[in-house]
Amino acid sequence: MRAPLRHAVLGILAAALLAGLAGGALLLHAPASPEAAEAPGPAGASPEAAPASPPEAALPLPPEPPRLAEGPEYEACLALLRIDPEGAAQRAMQWEERGGGDGARHCLALALLALGEPDRAAARLERLAGGLAGGGPGGNAARASVYAQASQAWMMAGDPGRAYGAATLALVLMPDDPALLVDRALAAGAQGRYAEALEDLNRALSLDRGRADALVFRAAALRHLDRPEAAMQDIEAALRLNPESPEALLERGILRQLKGDAGGARGDWQRIIALAPDSAAADLARQNLALNEAGPRRR
């Protein structure tokens, strides 16, 4: 099982978290939605109040959410998420009023995520996972998937502490899932708990040596733990697996800069911009390039 939100948010979180691990020169956190900066609504708030219209940069959805129910109503609600998340939220609320149960609650939580309300979505997903029976559709794997969705949503909302807790609950159910270990490592790293992140990433890579993302994140943790040589070994391994990974190129550029190889760093960051100009990694690469250009003038 893979954490279902991983593909949706990796690009958003990874580059910003790597930058945060860079020692403060760049952005420290992934940008949260405007709603996340406000006090969240009560945990038990009624879903009757219609969610706000989606922001210009609505949050992405997982391509294949874990199935918590069966039947055409559930499938139709999930399908609507991609084209009309506000309509999906309204449909899920009406379905829940008619006794839609877990399927309706799941669709509503994902709709809130797509509408840019990750804090509300995360709280709902966590409650939903806690209430699922292990013998239901998908069993413990489905429960773990929903906890993983909650963990990713808490990260989007800027709350890595709760993200770490949700990922830990998922790992209780599926302790040998490498994607869940990577999720928890991201949450630990966002809190500066790099040794704990390293432990989870070591475990993830022992289970799946082909995870380029885990190699990149482990490199960032190793760098922050003052082990740059080991970090570079991981980055080179990640780039052998995926030569065009923006996150890996961003990290290698940081490592090269720390070694005094400004030209190599500049080359990596320029390549990110050429490969993925609209990515979070490209935004951070542009900031790094600007800082490098400004450096001599400041001195």
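Under the UniProt record's numbering, residue 299 is the last one in the sequence shown; the count climbs by one each step, no gaps. We put the beta carbon where it would ideally sit given N, CA and C, even for glycine.
Hey, out of the options, whose CA is closest to residue i's CA?
{"i": "Ile272", "options": "Gln152, Asn242, Asp208, Gly260", "result": "Asn242"}
{"i": "Asn202", "options": "Ala221, Gln191, Gly192", "result": "Ala221"}
{"i": "residue 325", "options": "Asp283, Gly260, Leu258, Lys259", "result": "The structure shown does not extend to residue 325, since the chain spans only 1 to 299, so no value can be given for it."}
{"i": "Gly267", "options": "Cys77, Ala150, Arg143, Gly253", "result": "Gly253"}
{"i": "Pro160", "options": "Leu275, Leu68, Pro228, Leu186", "result": "Leu186"}
{"i": "Thr168", "options": "Ala157, Met156, Ala188", "result": "Ala188"}
{"i": "Ser279", "options": "Ala290, Glu293, Leu250", "result": "Leu250"}
{"i": "Leu289", "options": "Ala276, Pro277, Ala262, Leu275", "result": "Ala262"}
{"i": "Gly99", "options": "Gln191, Leu115, Ala265, Ala69", "result": "Ala69"}
{"i": "Pro85", "options": "Glu75, Leu115, Ala204, Ala109", "result": "Leu115"}
{"i": "Cys107", "options": "Ala148, Ala79, Trp154", "result": "Ala79"}
{"i": "Ala122", "options": "Arg218, Ser206, Ala163", "result": "Ala163"}
{"i": "Leu112", "options": "Arg256, Ala265, Gln90", "result": "Gln90"}
{"i": "Ala231", "options": "Arg223, Ala238, Ala237", "result": "Arg223"}
{"i": "Asp200", "options": "Ala190, Gln191, Asp183, Gly192", "result": "Asp183"}
{"i": "Ala153", "options": "Arg124, Tyr194, Ala274", "result": "Arg124"}
{"i": "Leu171", "options": "Ala204, Ala237, Gln257, Met93", "result": "Ala204"}
{"i": "Leu180", "options": "Gly192, Gln191, Gly165", "result": "Gly165"}
{"i": "Asn140", "options": "Arg67, Ala274, Glu196", "result": "Arg67"}
{"i": "Ala157", "options": "Ala285, Arg143, Gly130, Ala190", "result": "Ala190"}
Can you tell me whether residue i is helix, strand or coil according to DSSP?
{"i": "Ser151", "result": "helix"}
{"i": "Asn202", "result": "helix"}
{"i": "Pro243", "result": "coil"}
{"i": "Gly210", "result": "coil"}
{"i": "Ser145", "result": "helix"}
{"i": "Pro277", "result": "coil"}
{"i": "Leu258", "result": "helix"}
{"i": "Arg218", "result": "helix"}
{"i": "Arg227", "result": "coil"}
{"i": "Leu132", "result": "coil"}
{"i": "Ala237", "result": "helix"}
Evaluate residue i with the Cβ neighbour count: other Cβ atoms within 10 Å of its Cβ, from every protein chain shown; 16 or more gives buried, anything less gives exposed.
{"i": "Pro82", "result": "In the sequence as presented, Pro is not what sits at residue 82; that position holds Arg. Looking at its Cβ environment, which holds fewer than 16 other Cβ atoms inside 10 Å, Arg82 is exposed."}
{"i": "Gly103", "result": "buried"}
{"i": "Glu126", "result": "buried"}
{"i": "Ala19", "result": "Annotation note: pLDDT 48 at Ala19 (below 50); position unreliable, coordinate value reported separately. Buried, since its Cβ has 16 or more Cβ neighbours within 10 Å."}
{"i": "Pro55", "result": "Because the pLDDT of Pro55 is 36, which lies under 50, any placement of that residue in the model is unreliable, and the question is left without a value."}
{"i": "Asn72", "result": "For clarity, residue 72 is Pro in the given sequence; the question names Asn instead. With fewer than 16 other Cβ atoms within 10 Å, it is exposed."}
{"i": "Leu291", "result": "exposed"}
{"i": "Val146", "result": "buried"}
{"i": "Glu293", "result": "exposed"}
{"i": "Asp226", "result": "exposed"}
{"i": "Ser151", "result": "buried"}
{"i": "Ser245", "result": "buried"}
{"i": "Glu117", "result": "buried"}
{"i": "Val216", "result": "buried"}
{"i": "residue 302", "result": "The displayed coordinates of the chain run from 1 to 299. Any statement about residue 302 would go beyond what the structure contains."}
{"i": "Pro149", "result": "The sequence given here places Gln at residue 149; Pro does not occur at that position. Buried is the call here."}
{"i": "Glu229", "result": "exposed"}
{"i": "Pro76", "result": "A small correction: the amino acid at residue 76 is Ala; Pro does not occupy that position in the sequence shown. Per the 10 Å Cβ criterion, exposed."}
{"i": "Arg105", "result": "buried"}
{"i": "Ala92", "result": "buried"}
{"i": "Ala281", "result": "buried"}
{"i": "residue 332", "result": "Within the shown structure, residues of the chain are numbered from 1 to 299, placing residue 332 beyond reach of any answer."}
{"i": "Arg120", "result": "buried"}
{"i": "Glu247", "result": "buried"}
{"i": "Ala195", "result": "exposed"}
{"i": "Gln257", "result": "buried"}
{"i": "Pro63", "result": "At Pro63, the pLDDT of 42 sits below 50, so the modelled position is not reliable; the number obtained from the coordinates is stated separately. With fewer than 16 other Cβ atoms within 10 Å, it is exposed."}
{"i": "Ala276", "result": "buried"}
Report task. State whether the region 209-225 contacts the region 167-177, with contact taken as three or more CB pairs (one from each stretch) at a distance under 8 Å. Result -> no
Query - Any beta strand (DSSP E) of 3 or more consecutive residues that is wholly inside the region 56-123 - result: none
Query raised in the report: Taking the runs of the alpha helix (DSSP H) that are 4 residues or longer, which of them lie wholly in the region 156-195?
Result: The qualifying runs are 160-173, 178-190.
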